[in-house]
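Note that the sequence shown covers residues 2 to 152 in the numbering used here.
Please read the structure below before turning to the comments.
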Amino acid sequence: MKRIKQAYILAGVLFFGSGCADKQLSNYNGNYITPQQAVMAAAETESGISGKFVMTVQATGYDAGNLYLNSEKDYRDQRNLSIKIEPELIKKLQSRLNENPSTYYINKRIEISGTALKIRIAFVVDGEITDKYYFQTHVNLESENNIRVIN
Numbered sequence: 002m003k004r005i006k007q008a009y010i011l012a013g014v015l016f017f018g019s020g021c022a023d024k025q026l027s028n029y030n031g032n033y034i035t036p037q038q039a040v041m042a043a044a045e046t047e048s049g050i051s052g053k054f055v056m057t058v059q060a061t062g063y064d065a066g067n068l069y070l071n072s073e074k075d076y077r078d079q080r081n082l083s084i085k086i087e088p089e090l091i092k093k094l095q096s097r098l099n100e101n102p103s104t105y106y107i108n109k110r111i112e113i114s115g116t117a118l119k120i121r122i123a124f125v126v127d128g129e130i131t132d133k134y135y136f137q138t139h140v141n142l143e144s145e146n147n148i149r150v151i152n
């Protein structure tokens, strides 16, 4: 009897646990993925969540030459989804938009195609990395064609 009970427990763990395996999630049944959904899903898997994200850009900022479009006013807010745009794409977008993307996208609702990943951010004090950290959720913009303004 004890062996049968153990077999059922093992079968249950294997059956139900397989749904928890690390896999890349995709596009929430064909719908847009909100910042909240992206943050929660990216926290569940190392490979992130891929699809079309929709958000209103509430703040922008630069770090190490990259532009970040943020869904929250405070980029450190755990609910924030950041769109990372590297320098080469910043130039392409600026040329296409005839405006700096950091100002163009403010307060606009945008659609972005890509993969949201949980990124570990270390605290730096006096140029030294500390053992303290937090997480952000980023989508790296891969092409200037993967972002558009929607209404």
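For glycine and all other residues, C-beta sits at the position ideal for the given N, C-alpha and C.
Excluding its 5 nearest sequence neighbours in each direction, residue 149 has C-beta neighbours in its own chain below 8 angstroms: 111 and 112, listed in chain order.
Taking the CA atoms as reference points, residue 51 sits about 6 angstroms from residue 115. A contact between stretches requires three or more CB pairs, one per stretch, nearer than 8 angstroms, and the segment 116 to 125 meets this requirement with the segment 42 to 59. Note on residue 145: 16 or more other CB atoms within 10 angstroms of its CB, so buried under the neighbour-count rule. Counting only runs that start and end inside the segment 22 to 77, the alpha helix (DSSP H) elements of at least 4 residues fall at 36 to 45. Looking at the backbone, the Cα of residue 101 and that of residue 80 are separated by about 26 angstroms.
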